[in-house]
Every structure is written in C-alpha cells, then in structure tokens.
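Peer 1:
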Amino acid sequence: MSDPSSTAPASGARRAASPFRLNLEQQRKRAKELLEGLRNSDAGAWHRFRLHHPRRSDHEPALPPDPALCLSQAQLVIARELGLPSWPRLKAHIAAMDRTWSRIRDGGPAPDRGMATLHVRCGSDIGPGLQQAGFTGDFLEYADPLCQGPLRNDPDWLKQRVDFIAHAYGPGSGMDRAAIAAKLQRAEQGLRTAAARYERVVLWFEHDPYDQLILARCLAEFAECPPLRLELVSPARFPGGARFIGLGQLPPEALRLLWTGRQPVTAAALAAGRPAWDALRAPDPRPLANLARQGTASIPQLGRAVRRHCQELPWTEDGLGLTQRLILGLLAEEARTAGQLFRDLTLEREPLPWMSDLIFHDIVAGMRQVASPVLTGSFEGEDRRWAREVLAIMPLGRAVLAGEVDWLTLSPPARWVGGVLVPASAPCWRWDEGSAAAVYA
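Using the numbering used here, you'd call the opening residue of the sequence shown number 29 and step up by one each time.
#1: At what residue ranges does the segment 155 to 179 contain a whole run of the alpha helix (DSSP H), taking only runs of 4 or more?
#2: Tell me the rounded alpha-carbon separation between residue 440 and residue 433.
#3: Please report the straight-line C-alpha distance between residue 108 and residue 45, rounded to a whole angstrom.
#4: Taking C-alpha atoms, which residue in 62, 57, 270, 265 lies nearest to residue 47?
#5: According to DSSP, simplified to helix, strand and coil, what is residue 457?
#6: Let me know the secondary structure DSSP gives residue 292 once reduced to three states.
#7: Per DSSP, what kind of secondary structure is residue 337 in: helix, strand or coil?
#8: Are there three or more Cβ pairs, one per stretch, closer than 8 Å when the segment 455 to 466 is compared with the segment 331 to 345?
#9: Going straight from the alpha carbon of residue 369 to that of residue 203, what length do you get?
#10: In angstroms, rounded to a whole number, what distance separates the CA positions of residue 318 and residue 297?
#11: Whose C-beta lies closer than 8 Å to the C-beta of residue 363 among residues of the same chain, with five residues either side of it excluded?
#12: If you run the structure through DSSP and keep just helix, strand and coil, what is residue 418?
#13: I believe residue 218 touches residue 110 by the beta-carbon criterion, under 8 Å. Please report the beta-carbon distance rounded to the nearest angstrom.
#14: Between the segment 322 to 338 and the segment 270 to 279, do three or more beta carbon pairs fall short of 8 Å?
#15: Report the residue ranges of all alpha helix (DSSP H) runs contained in full by the segment 328 to 377; include only those spanning at least 4 residues, in chain order.
#16: Nearest CA to the CA of residue 390: which residue from 190, 448, 128, 177?
#17: How many whole angstroms separate the CB atoms of residue 148 and residue 170, which I take to be in contact at a CB cut-off of 8 Å?
#18: Which whole-angstrom value is the C-beta distance of residue 469 and residue 455, which I expect to be below 8 Å?
#19: Going straight from the alpha carbon of residue 414 to that of residue 367, what length do you get?
#20: Tell me, please, which residues DSSP counts as bridged to residue 149.
#21: Scan the segment 178 to 259 and note each continuous alpha helix (DSSP H) run of 4 residues or more that stays entirely inside, going in chain order.
#22: Which residues in the same chain as residue 427 place their Cβ atom closer than 8 Å to its Cβ, once the five residues preceding and following it in sequence are excluded?
#23: Just mark residue 294 as buried or exposed, buried being the case when its beta carbon has 16 or more other beta carbons within 10 Å.
#24: Measuring alpha carbon to alpha carbon, tell me which residue in 214, 138, 172, 291 is nearest residue 159.
#25: For the alpha helix (DSSP H) containing residue 100, name the first residue and the last one.
#26: Threshold first: 3 residues or longer. Then list the beta strand (DSSP E) segments lying entirely within the segment 381 to 408, N to C.
#27: Taking Cβ to Cβ, would you say residue 97 is nearer than 8 Å to residue 66?
#28: Within the continuous alpha helix (DSSP H) that includes residue 66, where are the two ends?
#29: Quick check on residue 447: does DSSP put it in helix, strand or coil?
#30: Could you spell out where the beta strand (DSSP E) holding residue 467 opens and where it closes?
#31: Since I believe residue 358 is in contact with residue 372 (beta carbons under 8 Å), could you give me their beta-carbon distance rounded to a whole number of angstroms?
#32: Would the segment 112 to 125 count as touching the segment 235 to 255 if we require 3 or more Cβ pairs under 8 Å?
#33: Buried or exposed: where does residue 64 fall if 16 or more other Cβ atoms within 10 Å of its Cβ makes it buried?
#34: Near residue 360, what residues of its chain come up, given a Cβ to Cβ distance below 8 Å and the 5 sequence neighbours on each side ignored?
#35: Rounded to whole angstroms, what is the Cα-Cα separation between residue 186 and residue 336?
#36: Taking the alpha helix (DSSP H) that residue 122 belongs to, which residues open and close that run?
Structure follows, in structure tokens:
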C-alpha cells in the first residue's frame with residue numbers, strides 16, 4: 029500500500045491547466061461572446077449554434093439581429109459544447125470538481141480506505157493521478173493491446189502475444205522480448221491472484237476497443253473466481269474543452285469524481301465476459317459480429333467497442349480495414365507528417381479512438397509493405413524521427429480509396445483481427461458494414 033502523505037498534493041497546491049478543468053467565470057464570458065456573435069450574424073457563431081442547440085431549426089441568423097436570442101440560449105450551447113446537457117448541469121459539474129480538488133488539496137482519508145483494494149487499468153497512465161487523488165490501493169497494469177495482433181484460443185496464446193508485441197512494438201517501446209514476456213506474465217498472474225489477495229477490485233476502463241477487449245479478458249478471469257467486491261469505472265465521455273479519449277487525459281479530481289459513480293459488476297456482466305472473450309479469440313468472426321449487433325446490456329460499452337473491432341476486418345467494397353481507410357482519406361485531403369496524421373485521426377476522424385502511437389506506426393508500416401505503393405514518405409530537414417516523416421497518397425491509394433482497386437489484390441502483409449487471420453489475398457473473412465455482418469468472400 030502507498031503512503032498517502034507522500035502522494036497527496038500539499039496544502040495550497042495550484043491546479044495545473046487542463047481542458048477538463050473548467051472555470052465558471054470563463055464559461056460565462058464565452059457565453060456572452062457567443063451571444064454577441066449570434067446577434068451580429070457571425071457565421072462561426074451560428075455554426076456552433078446549429079451544431080449544439082437542441083432547437084436549432086427554430087432559429088436562423090437574421091438581419092437585423094434576432095431580439096428573441098437571449099443569454100440562456102448561448103449558455104445552453106456552451107454547456108452542450110463541453111459535453112453537458114444544460115447550463116445548470118455545467119455549473120453543478122464545475123462545483124463538484126472544485127469541491128473534489130479542495131478535498132485532495134486538504135488531505136484526509138483515502139477514498140479507497142477500509143478494504144484491501146486493487147485498481148486494474150490497461151496501462152500506467154492513471155497510476156500517478158490516482159496517487160495524487162489520495163488513493164492508497166495497489167495498482168495492476170494490464171496493457172496487452174488485445175485489439176491488434178493474434179489472439180487465439182490456444183494453450184500458448186500468451187507466448188504468441190509476446191512474439192507479436194516484441195516484433196511490432198519492441199523497438200519503439202524500449203523493451204526486449206524478455207521484458208515484454210515478464211510484463212505480460214505479471215499482468216496475468218495479477219489477475220489470477222486478485223480475488224485471493226484483495227477484498228475489492230476496481231476496473232478502470234473507458235469505452236474504446238483497447239480498453240473494452242481487455243475488460244472482457246478481466247471479466248472472463250473473474251468469472252472463474254470473483255473477488256468479494258468487483259466494481260467498474262467505465263466512462264464514455266467527460267465534460268471538457270477537448271475530445272475525451274481516455275482516462276489518462278483527466279486530472280486527479282476527475283478520477284476521484286468518477287470513483288464516486290463507480291458501479292458494481294453484476295453477475296450478468298461476469299457471465300457475459302467469458303463468451304465475449306471466447307468470441308474474440310475465435311477464427312470465425314460471426315459470433316463476434318452477432319455480439320456487436322445484439323449489444324451487451326450488462327456491459328454497456330462492450331458491444332460498440334466490439335463492432336469497432338470488427339470494422340478492422342477487410343470491408344467488402346474495397347478490402348480496407350476502417351483504420352486504413354481513414355488514414356488514406358486524410359492523406360487524400362493533404363499530405364501531412366505522420367505525427368499530424370496520428371493527431372488528426374485520433375482527434376477528428378476515428379469514431380472510437382483506440383490506438384496508441386505505436387499501434388498507429390505499425391499499421392502505417394503494414395500499409396507500405398504492398399506490391400505497389402499506395403502512399404509515400406519523405407523527410408524535411410535533419411529530424412528523422414518517424415513522426416516527422418511527411419506522408420502523401422499515391423494515385424493507387426486514391427484508386428483503392430475509391431473502391432476501384434481491392435486492397436487485397438496488392439498482397440498486403442497478413443495480419444490478425446483477434447482470432448481471425450486476414451491473409452495476404454482473398455478469399456477471407458470480410459466486414460459488411462451495411463448489415464453489420466462478417467462474410468467470407
């Protein structure tokens with residue numbers, strides 16, 4: 029257990045800037061500025077209004093200015109831009125965040141006191157934040173990216189994962205194969221022994237495929253031997269001035285606020301974990317596609333994440349997985365550095381952001397290993413880091429993007445989507461987006 033006195037912010041500590049730390053006076057000022065823009069028929073202001081006001085069709089920019097517009101309507105737009113349904117809810121959220129920060133700053137009992145607690149997360153990102161928020165329970169990092177690479181229902185499946193991660197991410201991660209193997213084995217051992225060692229296990233997983241597939245793994249394990257208390261923190265959004273991608277973006281008071289809304293993992297959720305885990309590892313993706321269509325009522329985020337995972341299969345119309353298509357689509361608009369491409373993909377185009385930079389780099393590298401190039405790259409200046417390479421689409425890439433050339437005719441490297449092997453050429457399992465079904469073609 030950690031010593032809370034060594035991790036809690038000192039009295040009077042200042043809050044660092046964060047798009048998820050909102051200031052009420054600043055939001056009031058933004059609302060007044062928006063109202064002024066609306067009354068002056070500013071195009072940008074009206075675009076924001078139409079995008080976020082629930083009765084946007086009732087209002088149109090007019091000359092002279094529309095006297096019916098009032099501050100409360102602008103405040104509503106501001107609240108909805110930030111991810112909340114109303115201005116009173118925005119005020120209440122800001123007040124709750126401020127109170128929570130005050131508790132952290134002033135010290136006091138740990139939120140997870142009273143029970144031996146293990147916090148499980150698919151990475152190390154929130155570990156420091158939990159400590160700063162005053163939590164004292166132990167922390168288990170289970171960070172195997174099950175959303176990419178082989179995931180088979182074999183006795184040696186963990187060895188296969190080690191081999192894949194060492195090959196795909198090893199150089200970028202700074203770990204050799206032995207270190208990767210030790211890390212994955214520690215995570216598996218931590219899951220297996222959690223129920224015996226801890227009274228309470230708390231799972232911290234957001235809504236994307238990276239997190240939710242690991243959640244399915246955890247639930248499958250805990251279904252065999254459930255802890256005395258198993259709880260889940262699984263947000264799909266969090267109010268703020270930036271797109272919510274993951275828990276690692278959030279400041280300590282946000283984590284502590286989410287803690288107060290954690291939910292018990294029900295018997296139904298535990299029962300759903302094992303079939304989801306089995307479907308993820310199956311060589312036939314149809315059971316997984318069925319799960320994606322039907323949803324998972326007991327694990328609300330899992331069904332959508334599974335569908336996004338299925339969309340990485342080659343699509344029926346062009347042979348591209350969704351990430352490959354989004355990458356080519358961005359490059360078709362303009363050339364950009366690999367770092368800019370990753371940022372734009374994550375913040376603007378990806379419907380359910382799930383990739384780390386290492387995963388993104390591996391996908392782009394695979395797209396370059398084809399019979400004829402669909403994209404090209406060059407460096408400008410002395411900086412040769414991969415993120416600085418300028419990538420541009422080739423004519424063949426545009427033809428693939430338009431559906432004129434099937435991606436699988438270019439002999440791309442074989443890859444895995446869970447337990448499904450996508451070979452270098454057709455026929456293979458494909459994704460039919462219209463029917464949300466896996467078909468063999």
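Ideal Cβ placement from N, Cα and C applies to all residues, glycine included.
Peer 2: So, from the data block:
#1: 155 to 160
#2: Numbered from 1 along the sequence shown, position 412 holds the residue referred to as residue 440. Numbered from 1 along the sequence shown, position 405 holds the residue referred to as residue 433. When rounded, the distance between both Cα atoms is 13 Å.
#3: Along the sequence shown, read from residue 1 onward, the residue named residue 108 stands at position 80. Along the sequence shown, read from residue 1 onward, the residue named residue 45 stands at position 17. One C-alpha to the other measures close to 21 Å.
#4: In the sequence shown, residue 47 corresponds to position 19, counting from 1. Selected option, being the one with the closest Cα: 270.
#5: The sequence position of residue 457 within the sequence shown is 429, counting from 1. It is a strand residue.
#6: Here residue 292 refers to the residue found at position 264 of the sequence shown. Correct three-state label for residue 292: strand.
#7: Taking the sequence shown and counting its residues from 1, the one referred to as residue 337 is at position 309. DSSP places residue 337 in helix when its eight states are reduced to three.
#8: yes
#9: Reading the sequence shown from its first residue, position 341 is the one you call residue 369. Reading the sequence shown from its first residue, position 175 is the one you call residue 203. Cα-Cα distance, rounded: 26 Å.
#10: Working through the sequence shown from its first residue, we reach residue 318 at position 290. Working through the sequence shown from its first residue, we reach residue 297 at position 269. Residue 318 and residue 297: Cα-Cα distance of roughly 17 Å.
#11: Here residue 363 corresponds to residue number 335 of the sequence shown, with the count starting at 1. So the qualifying residues of the chain are 418, 419, 420, 421.
#12: In the sequence shown, residue 418 corresponds to position 390, counting from 1. Correct three-state label for residue 418: strand.
#13: To locate residue 218, count along the sequence shown from 1; it is residue 190. To locate residue 110, count along the sequence shown from 1; it is residue 82. About 37 Å separates the two Cβ atoms, so there is no contact after all.
#14: no
#15: 330 to 338, 350 to 361, 366 to 372
#16: Your numbering for residue 390 matches position 362 in the sequence shown. The residue with the shortest Cα to Cα distance from residue 390 is 177.
#17: Your numbering for residue 148 matches position 120 in the sequence shown. Your numbering for residue 170 matches position 142 in the sequence shown. Yes, residue 148 and residue 170 are in contact; Cβ-Cβ is about 6 Å, under 8 Å.
#18: Position 441 of the sequence shown, counting from 1, holds the residue named residue 469. Position 427 of the sequence shown, counting from 1, holds the residue named residue 455. With 8 Å as the limit, residue 469 and residue 455 qualify as a contact, their Cβ atoms being about 6 Å apart.
#19: Position 386 of the sequence shown holds residue 414. Position 339 of the sequence shown holds residue 367. Near 8 Å, if we compare the C-alpha coordinates of residue 367 and residue 414.
#20: Position 121 of the sequence shown holds residue 149. In the DSSP output, where bridge partners are listed per residue, residue 149 has 169, 232.
#21: 185 to 196, 198 to 201, 205 to 225, 237 to 252
#22: Start at 1 with the first residue of the sequence shown, and residue 427 comes out as number 399. For residue 427, where only same-chain residues beyond five positions count, the Cβ hits under 8 Å are 433.
#23: Start at 1 with the first residue of the sequence shown, and residue 294 comes out as number 266. Exposed is the call here.
#24: Taking the sequence shown and counting its residues from 1, one reaches residue 159 at position 131. Ranking 214, 138, 172, 291 by Cα distance to residue 159 puts 138 first.
#25: Indexing the sequence shown from 1 puts residue 100 at position 72. Residues 99 to 109.
#26: 403 to 406
#27: Translated into the one-based positions of the sequence shown, residue 97 becomes position 69. Translated into the one-based positions of the sequence shown, residue 66 becomes position 38. A contact, by the Cβ cut-off of 8 Å.
#28: Position 38 of the sequence shown holds residue 66. Its alpha helix (DSSP H) spans residues 52 to 67.
#29: For this step, residue 447 is matched to residue 419 along the sequence shown. Note: residue 447 maps to coil in three-state DSSP.
#30: Counted from its first residue, the sequence shown places residue 467 at position 439. That run of the beta strand (DSSP E) goes 465 to 468.
#31: The residue given as residue 372 occupies position 344 in the sequence shown. The residue given as residue 358 occupies position 330 in the sequence shown. Right, their Cβ atoms sit about 6 Å apart.
#32: no
#33: Here residue 64 refers to the residue found at position 36 when the sequence shown is read from its first residue. Under this definition residue 64 is an exposed residue.
#34: Residue 360 sits at position 332 when you count from the first residue of the sequence shown. If we look at residue 360 and ignore the five residues flanking it on each side, its Cβ neighbours are 421, 425, 426, 429.
#35: By 1-based counting over the sequence shown, the position of residue 186 is 158. By 1-based counting over the sequence shown, the position of residue 336 is 308. One C-alpha to the other measures close to 24 Å.
#36: Mapped onto the sequence shown, residue 122 falls at position 94. Its alpha helix (DSSP H) spans residues 115 to 134.
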